[in-house]
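Below is one structure, written out as structure tokens; the observations come after it.
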Amino acid sequence: MALVSYPEILVAVIFFLFIGGFCSKKGVPWNWPIVGMFAGLLFHVHRIHDEAAEILEKTGCTFLFKGPWFCNMDMLGTTDPANVHYIMSSNFSNFPKGTEFRKMFEVLGDGIFNADGESWRNQRKLGQSMINNPRFHRFLAKVTYNKVEKGLVPLLDHLSEQGRVVDLQDVFQRLTFDTTCMLVTGFDTKCLSIEFPEVPFATALEDVEEAVFYRHALPETLGDY
30 MALVSYPEIL VAVIFFLFIG GFCSKKGVPW NWPIVGMFAG LLFHVHRIHD
80 EAAEILEKTG CTFLFKGPWF CNMDMLGTTD PANVHYIMSS NFSNFPKGTE
130 FRKMFEVLGD GIFNADGESW RNQRKLGQSM INNPRFHRFL AKVTYNKVEK
180 GLVPLLDHLS EQGRVVDLQD VFQRLTFDTT CMLVTGFDTK CLSIEFPEVP
230 FATALEDVEE AVFYRHALPE TLGDY
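Numbering-wise, the numbering used here comes out as the position in the sequence shown, counting from 1, plus 29.
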């Protein structure tokens, strides 16, 4: 009996992924045997955020993603404001994050994003007291105005004069990073500047975001990120 060659297997896999992606374009990802909706996820991995938003819009703001069998990757996503308020505020104690969540986001330590119970309530009260403080509002307005006036506007003027093409996503990420660092630490990293410097801390955060994404997107058996 002849064995199936590697090229034939490769063609079959590519065709399988293409069909999975094609089906997801017409609606929600197709739930295949064994691999679940993973094929559709791989097909749209280059635009995963847009794809997730479109799926949630088509499914009434709540969608159950079925991962590959035996991989513990089923995920329920919702953008319904009532659901979000119920889960994140009014009935938060009924939705503990658990050890798996903390393992996935271990880089965040014991902060509010990983906290449960009394620790979460205390951190939430502390955060709300700071955010609702008029002094914080004035400081936020001052920091943002100064960074836009002395950082963003001069940068855009320089790029316009040079006739350069620029990635606006990178520009606004740098603006957000500088503003956040000023608010949290009082230190301006000057990530938003004409030289477009590579700031090690900003690069490290991008690496962390990518690692957390792959922890969501890939079965744990494929590797430890």
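Yeah, the Cβ is synthetic: ideal placement off N, Cα and C, and Gly gets one too.
A quick note: this is a predicted structure, and the numbers were derived from the prediction, not measured.
Check	Outcome
Measuring CB atoms only, is the region 60-68 touching the region 92-110, in the sense that at least three cross pairs come out at less than 8 Å?	yes
CA-CA distance, K132 and V74?	23 Å
Which of the three DSSP states is assigned to T91 in this structure?	strand
Counting only runs of 4+ residues fully inside the region 202-240, write out the alpha helix (DSSP H) ranges in chain order.	none
May I ask you to report which of helix, strand or coil DSSP gives W61?	strand
Take R244 as the anchor and find which of P183, M104, I84 and N60 has the nearest alpha-carbon.	M104
I believe V314 touches F134 by the beta-carbon criterion, under 8 Å. Please report the beta-carbon distance rounded to the nearest angstrom.	Because residue 314 is not part of the residues shown, which for the chain are 30 to 254, the question remains open.
Please state whether the Cβ-Cβ distance between L204 and G180 is less than 8 Å.	yes
Which residues in the same chain as F92 place their Cβ atom closer than 6 Å to its Cβ, once the five residues preceding and following it in sequence are excluded?	I84, L85 and G106
Report, in whole angstroms, the separation of the C-beta atoms of D217 and C210, which I expect to be a contact under 8 Å.	7 Å
In this structure, does DSSP put L169 in helix, strand or coil?	helix
Between which two residues does the beta strand (DSSP E) harbouring L105 extend?	M104 to T107
Specify whether the region 110-127 and the region 138-150 touch according to this definition: at least 3 beta carbon pairs, one from each stretch, less than 8 Å apart.	yes
D145: which of N175, K126 and S118 sits nearest, CA to CA?	K126
Nearest by alpha-carbon distance to P110: which of T128, T208, C90 and F94 is it?	C90
If we ignore side chains and look at the alpha-carbon of each, how far apart do M102 and C220 end up?	36 Å
If you drop the 5 nearest sequence neighbours on each side, which residues of the same chain put their C-beta closer than 7 Å to that of K54?	Confidence at K54 is low in this model, with a pLDDT of 46, below 50, so the placement of that residue is unreliable and no value is reported for it.
Could you spell out the range, first to last residue, of the alpha helix (DSSP H) harbouring K154?	G146 to I160
If you check the beta carbons only, do T88 and V57 fall under 8 Å apart?	yes
Counting along the chain, where does the alpha helix (DSSP H) carrying V182 start and finish?	V182 to Q191
Would a C-beta distance cut-off of 8 Å place M159 and F165 closer than the cut-off?	yes
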